[in-house]
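The block underneath contains the structure these notes are about, expressed in structure tokens.
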Amino acid sequence: MSTSARNSGSKNPARRAALAGTVSLLGLLSACAVGPDFARPEPPAVTHYTHGVDPAATVPADNVVQHFSAGAEVEAEWWRQFKSPKLDAVIHESLERNQGLEAAQASLHAAQDNLRSGYGVFFPQIGADYGATREKFSPSKFGSPASASLFNLYSLSGTVSYALDIWGGERREVEALGAQKDVEIANERATYLALVSNIANTVIARAAYRAEVDATKALIEEMKQQVALAKTQFRAGTVSYSNVLALETQLETYEASLPGLEQKIVQADDLLASLAGYAPAEWSAPAVTLSEISLPRDLPVSLPSALVGQRPDILAAEATAHGASAQIGVATAAMLPNITLSGSYGGNSNAMNNLLTANGTVWSFGADVAQPIFEGGTLWFKRKAAIDTYKQSAALYRQTVLNAFEQVADTLRALDHDAEALDAQEHALNTAKEALHLAQSNYEAGTANYLDVIVADTQYHQAQINELAAVAARYQDTVALFVALGGSWNTPDATDSEVALTKPQ
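Per this note's numbering, the very first residue in the sequence shown carries number 1; after that it's consecutive.
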């Protein structure tokens, strides 16, 4: 363009206005995106979990009262509230080596890489091509009597293409990739939470099994003494041999229960080794007793409005709904015109050193507009299917929230009832212990028969088992509360998928 032409253009207000309008129109078109803009669902209006009022504290049991602090945040490493260094060591080892967690992390990395690859649609696609051929050409193909010629042909070209994302379909596709990344983040959190809770529950169960074994062994020693006494009395002629047989039968029953308990301990050890990323033959978790685990006294209870932003299953359901919402935009954009700009520049020559001379230069520039006309309703019903999928995911999200509230409510009530049950079991154990001592004293004094001792012995042993089960249930329901609250996470205010719409246009 000449200087005068440039000056005349720069001084022409109409041309400047038209150019500015064109630029503004292109900017507006590139900024819009068809389909709904996803918004995080509003948190439920409820302020507590149980019907009526949430419990503020449990009744005293085993000299411990658990208090519930409404609105308190859950500590990131909540398991440390059990104050068991051995439990901490097992969890630390498992977080380093667990294969399920490693798989979840790999899945997250794949989703992140897919999102990064999706950003490529915002940039021009540039390619290059070079070719060298030797050809024999016959002019007779075009009716010429000239003889055939033999020549070399060298070609070099570069191409540039750019799809104008006028309707935002590509941006919605990237938004869906971002939502899938958010799903994988939530899945990783869920795997992490499940791993830690499984370890804590298994360590508690193993400790309870060990305590039951110890109680059974102590009872077996007492039974052996009773059998020895019964044999002495039989030899003295003061009791019948049936007394001895009855006590021996009870002793053998208790001894027969030990292998099953020992097997449960072995299974717990094997599970802990597997969770820690080892074969059972390679590693053994440190033995933990119930006395080495402290029951947390102050328990946080996140508000319902906070729970929806920290439970992994709720976050995964929300991200799934986000991805489904973005797919509506993708399906809508597929029904609208698609514009692609493309250009190429290169050269052809019979000699490589003349490849880029003016005579051999070739170039092209153009735009391609594609508009679906009739596809038998395929695109229309794909869009309707995308809308239906979004409605489904939104309903599943709401149900996930309800299930989460139900789980928290159940766990709060369970802890309240656990304390009541443990308190009752402690009284039952003390009563059974006194009854056993009284029956044994009366039997030794000859004022009671062997049936009284066996009945009292059985009741005491069952009371021991019930008390241990109540203690373990209280510990495990405390773990369940932390799990129901979703642990503690630093949830960002805006995810990458939400930022996707502001990436380069």
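Don't be surprised by glycine CBs; every beta carbon is placed ideally from N, CA and C.
query                                                                                                                                                                      : result
Should Gln66 be labelled buried (16 or more other beta-carbon atoms within 10 Å of its own) or exposed?                                                                    : buried
Along the chain, where does the beta strand (DSSP E) containing Pro300 start, and where does it finish?                                                                    : 298-301
Which value, in whole angstroms, describes the spacing of the CA atoms of Arg398 and Glu292?                                                                               : 41 Å
Please report how far the alpha carbon of Asp62 lies from the alpha carbon of Arg297, in whole angstroms.                                                                  : 12 Å
Taking contact to mean at least 3 C-beta pairs separated by less than 8 Å, is the stretch 100-107 in contact with the stretch 187-195?                                     : yes
Specify the secondary structure class of Thr209 as computed by DSSP and reduced to three states.                                                                           : The sequence shown places Tyr at residue 209, not Thr. Looking at Tyr209 - three-state DSSP - the assignment turns out to be helix.
Can you name, in chain order, every residue of its own chain whose Cβ lies under 8 Å from the Cβ of Ala230, other than the five neighbours on each side?                   : Val239, Asn243, Val244, Leu247, Tyr450
Looking at the strands, I want to know which residues DSSP matches up with Trp363.                                                                                         : Tyr345
The alpha helix (DSSP H) that contains Ala70, what's its start and end?                                                                                                    : Careful: Ala70 lies outside any alpha helix (DSSP H), inside the beta strand (DSSP E) at 67-70.
Taking the C-alpha atoms as reference points, what is the distance between Ile185 and Asp113?                                                                              : 13 Å
Per DSSP, what kind of secondary structure is Ala385 in: helix, strand or coil?                                                                                            : helix
Take Ala146 and list the residues in its own chain whose beta-carbon comes closer than 7 Å to its own, dropping the five residues that flank it on each side.              : Pro139
Take every Cβ of the stretch 368-383, pair it with every Cβ of the stretch 66-75, and state whether three or more of those distances are shorter than 8 Å.                 : no
May I have the straight-line CA-CA distance separating Ser30 from Gly127, to the nearest angstrom?                                                                         : For Ser30, the predicted structure reports a pLDDT of 44, less than 50, and the residue's modelled location is therefore unreliable. A value from the coordinates is still provided. Going from the Cα of Ser30 to the Cα of Gly127 covers about 24 Å.
So, are the CB atoms of Glu467 and Leu429 less than 8 Å apart?                                                                                                             : yes
Assuming Leu295 and Tyr475 are in contact, meaning their beta carbons sit under 8 Å apart, how far apart are those beta carbons, in whole angstroms?                       : 6 Å
By the 10 Å Cβ neighbour count, where 16 or more other Cβ atoms means buried, how is Phe142 classified, buried or exposed?                                                 : exposed
In chain order, what residues of the same chain lie with their CB nearer than 6 Å to the CB of Leu355, ignoring the 5 residues before and after it?                        : Tyr154, Leu156, Gly347, Ser349
Excluding the 5 residues preceding and the 5 following Phe137 in the sequence, name in chain order all residues of the same chain whose CB lies nearer than 6 Å to its CB. : Ser149
Once the 5 residues before and after Arg97 are set aside, which same chain residues still bring their CB inside 8 Å of it?                                                 : Ala276, Gly277, Tyr278
Have a look at Arg383 and Leu108 and give me their C-alpha separation to the nearest angstrom.                                                                             : 28 Å
Helix, strand or coil for Tyr278, going by three-state DSSP, please let me know.                                                                                           : coil
When you compare each of Leu485, Tyr241, Asn198 to Asp269 by their alpha carbons, which one comes out closest?                                                             : Asn198
Measure the Cβ-Cβ separation of Leu303 and Thr47 and say whether it is below 8 Å.                                                                                          : yes
Looking at C-alpha atoms only, which residue of Ala395, Met335, Pro43 is the closest neighbour of Arg376?                                                                  : Looking at the sequence shown, residue 376 is not Arg but Gly. Comparing Cα-Cα distances from Gly376 to each of Ala395, Met335, Pro43, the minimum goes to Met335.
With a 10 Å radius around its C-beta and 16 neighbouring C-beta atoms as the bar for buried, classify Thr361 as buried or exposed.                                         : exposed
Are Ala321 and Ile339 closer than 8 Å when you measure CB to CB?                                                                                                           : no
Which of helix, strand or coil does DSSP assign to Tyr254?                                                                                                                 : helix
Can you tell me whether DSSP reads Lys83 as helix, strand or coil?                                                                                                         : coil
Spatial neighbours of Ala208 within its chain, please: CB distance less than 6 Å, with the 5 preceding and 5 following residues excluded, ordered by chain position.       : Leu468, Ala472
Using the beta-carbon count (16 or more within 10 Å), is Gly260 buried or exposed?                                                                                         : exposed
Sorted by chain position, which residues of the same chain lie with C-beta nearer than 6 Å to Ala163's C-beta, five sequence neighbours on each side aside?                : Thr340
Helix, strand or coil: which one does DSSP assign to Val160?                                                                                                               : strand
Let me confirm a value: His461 is counted as buried when at least 16 other C-beta atoms fall within 10 Å, else exposed. Which label applies?                               : buried
Check for me: the alpha helix (DSSP H) holding Gly118 runs from which residue to which?                                                                                    : 99-118
Judging by CA-CA distance, which residue of Glu173, Glu252, Met352 is the nearest neighbour of Thr332?                                                                     : Glu173
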